[in-house]
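Peer 1:
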Amino acid sequence: MARLRSGEGCPWDLEQTPSTLSRHILEESYEAVEAIDSEDWEHLSEELGDLLLQIVFQSRIAQEEGRFDLGDVVDGITEKLLRRHPHIFGGQTVSTAEQVSVNWERIKTEQEGKEPSDSHRGLPATMGALKLQHRAARGGFDWPAPEGVFEKLAEEVAELQGAVGGPREDLEHEVGDLLFTVINLARHLDVDPETALRRTNREFARRYAEIEAEARGRGVEPRDVPPEEKERIWSHAKEGPA
């Protein structure tokens, strides 16, 4: 990377800044997650390399500007792991993963001065909602069982139905409440909502691709395939692999 960023290096690499590279961090992260979901381990190795490149790239730019270097990044995460695992590297004793999680958050607040109030900012909405809900649950503000969330879900559906035809702001508010509650239900059922939705997206794409293939075979657009035919193809696709 030092060679690429040198005066005789790559013009494109020399033009990059932390801001211009930031989107690549997201892209490479999502591509790595997709490889995990697909259990494509060879591809995952490649994607983790691409993600590591972004860390090296950002660290090199920071080094050039006198802020930190890659060694500081590695030292920082090493110190953090030591600090946040007192049950391994200190004298503390824990017996469950839940206790470890509680201690992790306490250490973040007490020792590192990190307040959890804004920890959801900058995250995708689904992940941010889940983080807020975990925080509320740790504070005792939660339903004791999934049944309470199911009741809340029915309430939110009714409120959304009542908002249809009204001001767009009200409709947006109710849709947000409904989505937040669905995520909460997933948490209570110990299902990661992001993983679940990605799986549904893949399955929908696979099934709809069969409708598109049928349309191509007929020399028409998917919208020109009769609705009953679409239903037949869709039902047949449901019997295929997930």
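All you need for our numbering is the position in the sequence shown, starting with 1, plus 1.
For every residue, glycine included, the Cβ atom is placed at its ideal position computed from N, Cα and C.
Keep in mind that this is a model prediction, so the values were computed, not measured.
Report yes if the CB atom of Ala126 is closer than 9 Å to the CB atom of Arg188, and no otherwise.
Peer 2: Cβ atoms of Ala126 and Arg188: not closer than 9 Å.
Peer 1: For Trp42, name the three-state secondary structure that DSSP assigns.
Peer 2: It is helical.
Peer 1: Report back the beta-carbon spacing between Phe58 and Met2 to the nearest angstrom; my notes put them in contact at under 8 Å.
Peer 2: Going by Cβ atoms, the distance from Phe58 to Met2 rounds to 6 Å, so yes, they are a contact pair.
Peer 1: Which residue from Val74, Arg136 and Ile78 puts its Cα closest to that of Ser102?
Peer 2: Of Val74, Arg136 and Ile78, the residue nearest in Cα terms is Arg136.
Peer 1: Please classify Thr182: does DSSP put it in a helix, a strand, or coil?
Peer 2: Helix.
Peer 1: Taking CB distances under 9 Å as the criterion, tell me whether Phe69 reaches chain B.
Peer 2: Within the model displayed, chain B is absent; a lone protein chain is all it includes.
Peer 1: Here's the rule I'm using: 16 or more other beta-carbon atoms within 10 Å means buried, otherwise exposed. How should Arg85 be labelled?
Peer 2: So Arg85 ends up on the buried side.
Peer 1: Can you tell me whether Arg4 is helix, strand or coil according to DSSP?
Peer 2: Looking at Arg4 - three-state DSSP - the assignment turns out to be coil, as it is neither helix nor strand.
Peer 1: Excluding the five sequence neighbours on either side, which residues of its own chain have a C-beta within less than 7 Å of the C-beta of Gly50, listed in chain order?
Peer 2: Counting only Cβ-Cβ distances below 7 Å, and skipping sequence neighbours, we find nothing.
Peer 1: When you compare the CB positions of Glu211 and Trp235, do they come within less than 9 Å of one another, or not?
Peer 2: Yes.
Peer 1: Which residues in the same chain as Glu160 place their Cβ atom closer than 6 Å to its Cβ, once the five residues preceding and following it in sequence are excluded?
Peer 2: Only Glu175 meet the Cβ criterion.
Peer 1: Measuring only the C-alpha atoms, how far is Arg249 from Gly72?
Peer 2: Because the chain in this structure spans residues 2 to 243, residue 249 falls outside the shown range and cannot be described.
Peer 1: When burial is assigned at 16 or more other CB atoms within 10 Å of the CB, is Ser23 buried or exposed?
Peer 2: When all chains shown are included, Ser23 counts as exposed.
Peer 1: Rounded to a whole number of angstroms, what is the C-alpha to C-alpha distance between Trp105 and Asp70?
Peer 2: The straight-line gap from Cα to Cα measures roughly 26 Å.
Peer 1: As a quick exercise: from Glu232, Gly10 and Glu32, pick the residue whose alpha carbon is nearest that of Glu215.
Peer 2: Closest option to Glu215, Cα to Cα, is Glu232.
Peer 1: Please confirm whether Thr182 and Glu157 have their CB atoms less than 9 Å apart.
Peer 2: Yes; because the gap between Cβ atoms is below 9 Å, this pair is in contact.
Peer 1: Which residue from Glu195, Leu53, Glu29 and Gly8 puts its Cα closest to that of Lys132?
Peer 2: When only C-alpha atoms are compared, the closest one is Glu195.
Peer 1: Assign Leu190 to one of three DSSP states: helix, strand, or coil.
Peer 2: Reduced to three states, the DSSP call for Leu190 is coil.
Peer 1: Taking only three categories from DSSP, how would you classify Pro227?
Peer 2: Pro227: coil per DSSP, three-state reduction.
Peer 1: Only counting the same chain, and skipping five residues up and downstream in sequence, which positions put a Cβ closer than 7 Å to that of Arg61?
Peer 2: If we look at Arg61 and ignore the five residues flanking it on each side, its Cβ neighbours are Met2, Ala3 and Arg6.
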